[in-house]
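Residue numbers (this note's numbering), protein chains in the order written: chain S, 1 to 368; chain Y, 1001 to 1266; chain V, 2001 to 2280.
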Amino acid sequence: MNMQTPVKSEAIVRLEGVVKRFGEFTAVERADFEIGRGEFLAIMGSSGCGKTTTLRMLAGLEDPSEGNIYLDGERVNGKATWDRDTPMVWQSLALFPFLTVQENVEFSLKMRGVGKVERAQRARKWLDKMQILEFADRNISQLSGGQRQRVALARALVTEPKILLLDEPLSALDAHLKVRMQAVLSNLQKDLGITFVYVTHSMSEAFSMADRVVIMSRGKIEQIGTPQEIYHAPRNRFVAEFLGSANIFTGKLVEKAGDLWQVETAHGRFAIKAPQTPAKSVGDTLSFVVSAEKMQIGAVGAGVTGIRARVVGEEFVGASAVVFLETESGEELKVQKSHGELASVDLHSGSTLTLHWEPEACHVLPGE
Amino acid sequence: MTGNDNRLINAGLKLHIAVCVIFIFAPILGSFVFSLNSDRFPSLPLGHFSTEWYRLIWEDPFVWAGFFNTVIVGLIVAVIATLLGFGGAYTDYRYNFFGKNVYLALALLPPTIPVVIMGLAMLAFLSRVNLSGSAISIIIAHGVMCSPFAMAIIRLRLSQMDPDLEAAAWNLGGNEWATLRHVIIPFTKPALFAALFITMAVSFDEFAVAWFVSGLNETLPVKILGFLQGQVSPRINAIGSLAFLSSITLIILAQMLLRNSTKDKS
Amino acid sequence: MTRPSLYSLTLALPLLIWQLAFFAVPLIFLIAISFWTVRNFQMMPDLNFGNWERILMRGIFWDAYLRTAILATASAVLTSAIAFPAAYAISFKLSERVKQWVIFVLIIPFFTSYLVRIYALQVFLSDEGIINAALWMLGIGPFGMLNTTFGTLVGMVTLCLPLVILLQVFSLNFVNRDLVEAAHNLRCGRLRTVGSVIVPSARVGLVIAALFAFILSFGDFVSPLYLGGGNPPTLSILITDITKSGQQWPRAAVVALMMIGTLLTVAFAAITYAYKERGK
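Set out below in structure tokens:
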């Protein structure tokens, strides 16, 4: 992993060649990265990619099979979760149903032997901060989803830890509440200035809150970077496909004229503008992506290669629509345009369109 | 109701449920009625109402002694079986290990072995190790028979627990023992009480084992067997009815506990 | 592999030790004493195959064995047949609330003394008992029901019916409702749906329920003794008879071991059948 952007300040967490195996199955293979003090880091991937296992290793709920984990400079392999101060907010929230709201928040103080009076005082301070003090004596079952979320946050933060681990905490909420809680979490993290490690499968959550995003797939880290970096410069095919809006082409680099390259693909020869691409020489195979918004429909000017493709169907995405197409060789393509732009296009399934794009719209995948 | 439902068939099926319930409960209700009947051997038409049989057992010191033995044995058995059952249920819930199937078989199989055989095996074994003929031998035997029931009830409750709950408590700074005390036990509390009541009720009823195993200290079911073997006496109905009423009180208490606990499951 | 912690052992071991010491060891001990000899009403450790010989060569044992096996099979079949329509109706035709109540009612018999129930049944079934008196008013009977095989079966069904209905209900509750509706939708009639969709789907539970009825009836000694008259004996009665006469515990142990062997074989066969994949 020489691709990662340096952390913005001194690291609070460092993973060194961390591997986690469950029997035959490798959940995490060789994770090497650092998390900065006060950083909001999102770990993103589909289910089973190893993101939750990584989080649980930070929490001390799983022990790495290989490698080292450093928390605040201390090697913590084998240190039990109850001896760490790495509270976690669970997907299920895992609130204690037999305790009141305040007792839930007091729990970790009680485990640390804090006296009754101080416990109540500190718990109530956090309930107040999370704006749920009025529910202190309620049962968990009497609270709404958003209120429970706040109890879970208060319970995790009451010991004033340096780091908070969150495992898909918003996945059970409806869209509106989700956005509201995203704002709560973002503001909370900025106010407290502590590190948040946030595991999610949702790109919108990760990209809207995180300083940096780690993308994982099948136990491997595919890319680490800021949301902008990842969005505009996906490192490899997996990340590009994961982001979901890209058309990927593979071909042979046949000519280099400054930053204007010529690539020979199955669909013909394309010009791409590749300013900051890593070393590729003529004859190399390379892949490049063109995002769906940058695809053009219609007549092709001189010297520009077009691709003919059949319409499969379309899908509405708010103010725009995504048109799904298939080339003669069966390759799938996507075009995203506003409804206005599509009004004059024949989108009946089976009709054939010609697609093209500007050389500037191409991004070469450096990891392929 | 849709067109797939035929009223006549449904009525017939429901009638069949009623017949089964009547068949099952006829002897139970019968023994109630007979216990309040003046006839020594009731038939139709029934004799007149009488509390004679209750007066007779009330005045019988042996019945009282048997009753106290039953209660004391039942209490001790309930506590032992619930503790053992809790350990087994938690082990099954939390751990996977080599030989777990054998562990579970040992824990759960006793009720499937005929009581006559269990009684024979235990009496032979316990007399060999000089434990027979005492209340302890009954407690041991009932512990074996009752702990699977306790284990099943508590295991069921544990399966209703959010699997993250225990890990959340560890993560918040509680070690395993503290978590056991502050999370697992509070969560399973309704099932623990239900297990106490139900194992006590089972112990009340496990007469055959007691019959083989016990010597001098008779429990109530042993007493009943004595009645049956000797002269048939309607006093058995009175004793049975009282034992039934106390068992059913325990069961209803247990049921209420379990009902309430599933309601506040988050 | 990590070393088990003190914590895990503290929770797991008490039950294991208790059941090993007081359940497994006594049963193993039973095997040992089946080879012992009895002299002057005292059991002596020995390696004597005479007990096995004495029991297995005797016609009375095999008569009892056959009788017990037939009774238990009859009870399992009869109970399952009576229970199924009720279980089907409880699972498919009752509202959730009523279902809960019926299930609760069916649990109650487990906490009544079986012996007391059998005593009450004696009053019902005897020649001058409730049923014959009622029949006499109608001008029929009397029928001899006490001390007959019929009496024994009535007692066994009383013992097994609640458990079998409950087990059947639990397995029927797991039958996918969509399958039933799909069958109706494909013009499969009511009865045929039960036979070709519901019963195969719930087979494991139905077989296990019948197995439990067999186990309970096979080991029962109260019904054969007090409703069947005890003569000729079943295996359980044979055990109690042998133990009472002349301290012949080793021979009783042989009978008990034969019973356990039979139960294990039947249980294994039933479970294998229940889980057998269809069409393979």
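Glycine included, C-beta positions come from ideal geometry on N, C-alpha and C. Computed from a prediction, not measured in an experiment: that's the story for all the values here.
C-alpha gap between residue i and residue j, whole angstroms
i: valine 2105(V); j: isoleucine 2082(V); result: 17 Å
i: methionine 111(S); j: glutamate 1176(Y); result: 11 Å
i: glycine 1047(Y); j: phenylalanine 2111(V); result: 28 Å
i: leucine 1156(Y); j: arginine 2187(V); result: 40 Å
i: valine 213(S); j: alanine 2270(V); result: 56 Å
i: valine 335(S); j: glycine 225(S); result: 26 Å
i: aspartate 2241(V); j: valine 1019(Y); result: 37 Å
i: leucine 2009(V); j: phenylalanine 324(S); result: 60 Å
i: cysteine 2160(V); j: glycine 2151(V); result: 14 Å
i: isoleucine 955(Y); j: phenylalanine 1068(Y); result: Since the first residue of chain Y shown is 1001 and the last is 1266, residue 955(Y) is not available in this structure.
i: leucine 2020(V); j: alanine 2072(V); result: 29 Å
i: glutamate 118(S); j: asparagine 187(S); result: 27 Å
i: methionine 181(S); j: valine 304(S); result: 47 Å
i: glycine 318(S); j: isoleucine 2103(V); result: 52 Å
i: leucine 2263(V); j: isoleucine 2215(V); result: 7 Å
i: leucine 1106(Y); j: glycine 50(S); result: 38 Å
i: leucine 2222(V); j: valine 1116(Y); result: In the sequence as displayed, the identity of residue 2222(V) is valine instead of leucine. Roughly 10 Å separates the two Cα atoms.
Alpha helix (DSSP H) segment containing residue i, residue limits
i: tryptophan 2062(V); result: 2059 to 2093
i: phenylalanine 25(S); result: Per DSSP, phenylalanine 25(S) belongs to no alpha helix (DSSP H); it is in the beta strand (DSSP E), 25 to 36.
i: threonine 1179(Y); result: 1176 to 1179
i: histidine 201(S); result: Taken as a continuous stretch (DSSP letters only), histidine 201(S) belongs to no alpha helix (DSSP H), as it is neither H nor E.
Given residue i as reference, the closest of the options once Cα atoms are compared
i: proline 2045(V); options: Ala2267(V), Gly2261(V), Trp2249(V); result: Trp2249(V)
i: isoleucine 1009(Y); options: Leu2016(V), Leu2013(V), Ala2086(V), Gln2042(V); result: Ala2086(V)
i: glycine 2144(V); options: Tyr2088(V), Ala2072(V), Gln2122(V); result: Gln2122(V)
i: leucine 1250(Y); options: Tyr1090(Y), Tyr1093(Y), Thr1179(Y), Ala1201(Y); result: Ala1201(Y)
i: proline 1190(Y); options: Ser1134(Y), Asn1171(Y), Ala1105(Y), Ile1252(Y); result: Ile1252(Y)
i: valine 184(S); options: Leu153(S), Glu328(S), Ser108(S); result: Leu153(S)
i: isoleucine 2090(V); options: Thr1091(Y), Leu1013(Y), Val1063(Y); result: Leu1013(Y)
i: tyrosine 1093(Y); options: Cys1146(Y), Ile1017(Y), Glu1166(Y); result: Glu1166(Y)
i: methionine 2137(V); options: Pro1045(Y), Lys1100(Y), Ser1035(Y); result: Pro1045(Y)
i: leucine 260(S); options: Glu360(S), Ala123(S), Gln296(S); result: Glu360(S)
i: valine 2038(V); options: Met2258(V), Gln2247(V), Leu2206(V); result: Gln2247(V)
Bounding residues of the beta strand (DSSP E) (the contiguous stretch that carries residue i)
i: valine 214(S); result: 212 to 217
i: cysteine 362(S); result: 362 to 364
i: isoleucine 1184(Y); result: Per DSSP, isoleucine 1184(Y) belongs to no beta strand (DSSP E) and is neither H nor E.
i: isoleucine 248(S); result: 246 to 257
i: asparagine 68(S); result: 66 to 71
i: leucine 95(S); result: It is not in any beta strand (DSSP E) - leucine 95(S) carries neither H nor E in the DSSP assignment.
As assigned by DSSP and simplified to three states, the class of residue i
i: histidine 267(S); result: coil
i: asparagine 1217(Y); result: A caution first: asparagine 1217(Y) carries a pLDDT of 48, below 50, which makes its placement in the model unreliable, though a value can still be read off. Three-state result, asparagine 1217(Y): coil.
i: aspartate 1205(Y); result: helix
i: arginine 14(S); result: strand
i: glutamine 1231(Y); result: Note that glutamine 1231(Y) scores 49 on pLDDT, short of 50, meaning its location in the model is unreliable; the coordinates nonetheless yield the value given after this. Note: glutamine 1231(Y) maps to coil in three-state DSSP.
i: methionine 44(S); result: strand
i: methionine 111(S); result: helix
i: arginine 1128(Y); result: helix
i: isoleucine 221(S); result: strand
i: aspartate 128(S); result: helix
i: isoleucine 307(S); result: strand
i: tryptophan 261(S); result: strand
i: methionine 1256(Y); result: helix
i: glutamine 189(S); result: helix
i: histidine 1142(Y); result: helix
i: valine 312(S); result: strand
i: leucine 173(S); result: coil
Residue i: CB within 8 Å of a non-hydrogen atom of the ligand PLP
i: phenylalanine 2221(V); result: This structure lacks the ligand PLP, and indeed carries no ligand of any kind.
When Cβ atoms are compared, which residues of the stretch 1170 to 1185 of chain Y fall closer than 9 Å to chain S? Trp1170, Asn1171, Leu1172, Gly1173, Gly1174, Asn1175, Glu1176, Ala1178, Thr1179, His1182, Val1183
Selection of the stretch 96 to 113 of chain S by Cβ proximity to chain Y, strictly under 9 Å: Phe96, Pro97, Phe98, Leu99, Phe107, Ser108, Leu109, Lys110, Met111, Arg112
Any residues in the stretch 1150 to 1172 of chain Y with a beta carbon nearer than 8 Å to a beta carbon of chain V? Which ones, in chain order? Met1151
Can you pull out the residues from the stretch 1019 to 1044 of chain Y whose beta carbon lies closer than 7 Å to at least one beta carbon of chain S? none
Given a limit of 9 Å on CB to CB distance, which residues of the stretch 69 to 93 of chain S reach chain Y? Ala80, Thr81, Trp82, Asp83, Arg84, Asp85, Thr86, Pro87, Met88, Trp90, Gln91, Ser92, Leu93
Contact list for the stretch 2010 to 2030 of chain V against chain Y, Cβ threshold 7 Å: Leu2011, Ala2012, Pro2014, Leu2015, Leu2016, Trp2018, Gln2019, Leu2020, Phe2022, Phe2023, Ala2024, Val2025, Pro2026, Leu2027, Phe2029, Leu2030
Looking at chain Y, which residues of the stretch 2146 to 2159 of chain V have a Cβ within less than 7 Å of any of its Cβ atoms? Thr2158
Taking any Cβ of chain Y, which residues in the stretch 53 to 67 of chain S have a Cβ under 8 Å from it, in chain order? Ala59, Gly60, Leu61
Please identify, using Cβ separations under 9 Å, the residues of the stretch 2108 to 2120 of chain V that lie next to chain Y, in order along the chain. Ile2108, Pro2109, Phe2110, Phe2111, Thr2112, Ser2113, Tyr2114, Leu2115, Val2116, Arg2117, Ile2118, Tyr2119, Ala2120
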